[in-house]
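When we follow the numbering used here, the leftmost residue of the sequence shown carries the number 12, and every step to the right adds one. Worksheet: the structure to be examined is printed underneath.
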Amino acid sequence: MWWRSTLATLVLALLLAGCGLRPLHMPVEGEAMHAGLAAIEIAAPKSRLGNELLNQLSADLNPDGLSFPSRYRLDISLKRTRTALAIQLDDRVTRYDLSLAAFFSLIRLEDDRTVYRSAVRRVASYNVLRDPFATLVAEQDADRRAAVEISRQIRTLLALKLAEEER
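Below you can see the structure in the form of structure tokens.
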């Protein structure tokens, strides 16, 4: 019976090898995917949250900090909303949902053409505490968590788009 599972595994491996599936970060025609991502110039909103997203995207798109000539520009706009989630009987709000939406466009610099446009959204929650400063810190942490997740999702979408462009 063990030979059946071995045979099934072997057949599955051969089928997968023949389907054209390749890892997203595998070099394409000699150029690593991260080099394409590192060639993206980021234009984020001038705000604390925009700066948080800019820093996170810079780290996600170019983790090695290498210098490449810019081939694309990423224009980003943010929309942040806060919704009361837990309301007590005395009308005190004890928990908020913070929703962060990022609308972005990838523009090829050589012809100033938009090659990709999308939007991503993340929700992070935080508690309202007795100390106003602690609540402020919790709110800023929720902003940071949402920005990190949005950055990762944007990076994945851009990597897929650039892999498609390279074909």
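Note that beta-carbon positions come from the ideal geometry of N, C-alpha and C, so glycine has one too. In this text, all values refer to a predicted model and were calculated from it rather than measured experimentally.
- Nearest to alanine 145 by alpha-carbon distance, out of Glu175, Thr105, Leu60 and Val126, is Thr105.
- C-alpha of tyrosine 127 to C-alpha of aspartate 142: approximately 44 Å in a straight line.
- Taken in chain order, the complete alpha helix (DSSP H) segments of 4 residues or longer contained in the segment 55–102 are 59–72.
- Taking C-beta atoms as the reference points, alanine 50 and leucine 65 fail to come closer than 8 Å.
- Taking 8 Å as the cut-off, the beta carbon of leucine 111 is found closer than this to the beta carbon of isoleucine 161.
- Per the Cβ contact rule, the segment 168–177 is in contact with the segment 119–137 (3 or more Cβ pairs under 8 Å).
- In this structure, tyrosine 83 sits away from tyrosine 107, with a CB-CB distance that is not shorter than 8 Å.
- Alanine 135 counts as buried, since no fewer than 16 other beta carbons sit within 10 angstroms of its beta carbon.
- Annotated as proximal: isoleucine 87 and alanine 113, with beta-carbon spacing under 8 Å.
- Pairing alanine 95 with leucine 89, the inter-Cα distance amounts to about 20 Å.
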